[in-house]
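Since the structure comes first, as structure tokens, the remarks are kept for the end.
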Amino acid sequence: MRDHAQVAIIGSGVTGLSTAYSLVNKGLNDIVILEKGHLASGASTRNGGGVRAQFTTEENILLAKWSIQRFRQLGLELKVNFWFRQGGYLFVAESEQELVALRNASEFQRRFGLGTKVIDCDRVQEIVPHMNCSGIVGGSYRRGDGILFPFPLLTGYADFLRSHGTDIETHCEVKHINQANGEFVLETSKGELRAEKLVNAGGGWSSGVCRMMGVNIPTRPVRHQIMAGEPLAPFLKPMVVTLRDGFYMSQGPRGELIGGISESELHGSDPGKSSAAFCEQFSSRVVSLFPMLSSARMMRQWAGFYDMSPDANPILDRMPGVENAFVACGYSGHGFMISPAVGEFMSCLVTGKKPPFPTEPYGLSRFEKGSTRSESLVIG
Ligand SMILES: Cc1cc2nc3c(=O)[nH]c(=O)nc-3n(C[C@H](O)[C@H](O)[C@H](O)COP(=O)(O)OP(=O)(O)OC[C@H]3O[C@@H](n4cnc5c(N)ncnc54)[C@H](O)[C@@H]3O)c2cc1C
Numbered sequence: 009m010r011d012h013a014q015v016a017i018i019g020s021g022v023t024g025l026s027t028a029y030s031l032v033n034k035g036l037n038d039i040v041i042l043e044k045g046h047l048a049s050g051a052s053t054r055n056g057g058g059v060r061a062q063f064t065t066e067e068n069i070l071l072a073k074w075s076i077q078r079f080r081q082l083g084l085e086l087k088v089n090f091w092f093r094q095g096g097y098l099f100v101a102e103s104e105q106e107l108v109a110l111r112n113a114s115e116f117q118r119r120f121g122l123g124t125k126v127i128d129c130d131r132v133q134e135i136v137p138h139m140n141c142s143g144i145v146g147g148s149y150r151r152g153d154g155i156l157f158p159f160p161l162l163t164g165y166a167d168f169l170r171s172h173g174t175d176i177e178t179h180c181e182v183k184h185i186n187q188a189n190g191e192f193v194l195e196t197s198k199g200e201l202r203a204e205k206l207v208n209a210g211g212g213w214s215s216g217v218c219r220m221m222g223v224n225i226p227t228r229p230v231r232h233q234i235m236a237g238e239p240l241a242p243f244l245k246p247m248v249v250t251l252r253d254g255f256y257m258s259q260g261p262r263g264e265l266i267g268g269i270s271e272s273e274l275h276g277s278d279p280g281k282s283s284a285a286f287c288e289q290f291s292s293r294v295v296s297l298f299p300m301l302s303s304a305r306m307m308r309q310w311a312g313f314y315d316m317s318p319d320a321n322p323i324l325d326r327m328p329g330v331e332n333a334f335v336a337c338g339y340s341g342h343g344f345m346i347s348p349a350v351g352e353f354m355s356c357l358v359t360g361k362k363p364p365f366p367t368e369p370y371g372l373s374r375f376e377k378g379s380t381r382s383e384s385l386v387i388g
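Position in the sequence shown (first residue = 1) + 8 = the working numbering.
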């Protein structure tokens, strides 16, 4: 490993990679990404690939809208196909109260030109003909939302970065961070690296990385489970989400079903651990909503961290009291879909440019000022 870099990025998940990509596009090539596991071994290779702009805060809508536009070009730039398919997101309401919540959300989203539609039960059935709609009172639908396949995007970023001079050091854990002569001195499992600037893109571990610099941030990792089913003939176009229990399911480009559901929280536990209880809970819900799947097989099941912030909006900021250090975390379960915007945002902070978004709503000081707006559409 080399011993000096202009920018060190901790974490090779989608945040670290997209930030490095935007930095390279701004002409900065002297970057080292440090990763304690294999490439993107955190949440970025464990998620559902859902991409939506249907949120309830301006903070998330702005980043998601910008990112959806970018996803449409990014494959061409990186020369990879990550199967971005805009088959829509369908939020399903099973009570009048839930429908009111969706109506309020869609009205708010319309201010940002999203064109989310509130639909009745008949229209829900038209969009998802195989769903058991008894008990469903309506929903909200936005056609421009969709899904993508995370792996090719991550390897596409990594290949691009390596060919443009960025080193990605895997199995290289950052253990301590000190400062000397105006630089950061990172003690890692592969030796020492000095860096002029530092980006903490450590996902569910980012609060621990902040603590290495004496900074406390109010995020916490929460384990979430997810499963993949056997490939089936195409029958499901949109991502289907239920408000009642955070159930979500989509059908990927190879016909496989990907889905999850809210479960009881397990703080700080091994993010890799999955449980039989999840299988039972998910299976019984899936069969009640899609009786045709009663004999479909679950093929794989795994888990990862949602890095939760107190208001479920991202934290994109300078590290308080530490010059030239930056932090991007707290996505609360929707960090993949906003990653192109996050990368652009962070690269602007690092290079001293003005990000294309207002900075204050994403800053850490919002928690002290009490000026937060909470996101209520956290799924899974
Ligand atoms: C089950 C599940 C489903 C999800 N579904 C969706 C979805 O449909 N759509 C969506 O947009 N988002 C989804 N998410 C959330 C999304 O995956 C995350 O928000 C996003 O991947 C976060 O990316 P990241 O790069 O910030 O963090 P990560 O991908 O977790 O990357 C952080 C990296 O930092 C490394 N690291 C940490 N500490 C150190 C250290 N000290 N030294 C070196 N390396 C270190 C870790 O090993 C890790 O690889 C889901 C998450 C889960 C768990």
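Note that the Cβ used here is the ideal one computed from N, Cα and C, for glycine as well. In this text the structure is predicted, and so the values were computed from the model without any measurement.
Of the residues the options, the one placed nearest residue i, counting alpha carbons only
{"i": "S52", "options": "V294, G212, F243", "result": "G212"}
{"i": "F375", "options": "K281, A236, S303, N224", "result": "N224"}
{"i": "L86", "options": "F353, L161, R262, N321", "result": "L161"}
{"i": "E383", "options": "M327, S317, S373", "result": "S317"}
First through last residue of the alpha helix (DSSP H) which encompasses residue i
{"i": "R111", "result": "104-118"}
{"i": "P198", "result": "The sequence given here places Lys at residue 198; Pro does not occur at that position. Here K198 belongs to no alpha helix (DSSP H), and DSSP marks it neither H nor E."}
{"i": "G216", "result": "214-219"}
{"i": "Y97", "result": "Looking at the DSSP string, Y97 is not in any alpha helix (DSSP H); the run it does join, the beta strand (DSSP E), is 97-101."}
{"i": "E67", "result": "66-86"}
{"i": "I135", "result": "129-135"}
Residue-level contact to chain D via CB, residue i, 7 Å cutoff
{"i": "Q289", "result": "In the structure shown, chain D does not exist; there is a single protein chain."}
Residue i versus residue j - alpha carbon distance
{"i": "K44", "j": "H12", "result": "18 Å"}
{"i": "G23", "j": "L71", "result": "It is Thr, not Gly, that sits at residue 23 in the sequence shown. The alpha-carbon atoms of T23 and L71 are separated by roughly 13 Å."}
{"i": "N37", "j": "L240", "result": "44 Å"}
{"i": "I69", "j": "F255", "result": "21 Å"}
{"i": "G260", "j": "G222", "result": "43 Å"}
{"i": "G146", "j": "E238", "result": "29 Å"}
{"i": "K361", "j": "G95", "result": "35 Å"}
{"i": "I387", "j": "L110", "result": "14 Å"}
{"i": "E368", "j": "K281", "result": "36 Å"}
{"i": "R381", "j": "D319", "result": "6 Å"}
{"i": "G371", "j": "Y97", "result": "29 Å"}
Under the three-state DSSP convention, the category residue i falls into
{"i": "K361", "result": "coil"}
{"i": "G164", "result": "helix"}
{"i": "P229", "result": "strand"}
{"i": "E204", "result": "strand"}
{"i": "T23", "result": "helix"}
{"i": "N186", "result": "strand"}
{"i": "I39", "result": "strand"}
{"i": "C180", "result": "coil"}
Neighbourhood of residue i by C-beta, 7 Å cutoff - its chain only, sequence neighbours within 5 removed
{"i": "S214", "result": "N208, T227, D315, V335, C337"}
{"i": "R308", "result": "M235, A236"}
{"i": "Y29", "result": "Y165, F168, L169, G351"}
{"i": "F116", "result": "T64"}
{"i": "C129", "result": "C141, I144, V145, G146"}
The beta strand (DSSP E) enclosing residue i, as first and last residue numbers
{"i": "A16", "result": "12-18"}
{"i": "Q62", "result": "Counting along the chain, Q62 falls outside any beta strand (DSSP E), and DSSP gives it neither H nor E."}
6 Å Cβ shell around residue i - same chain, five flanking residues per side excluded
{"i": "E106", "result": "L251"}
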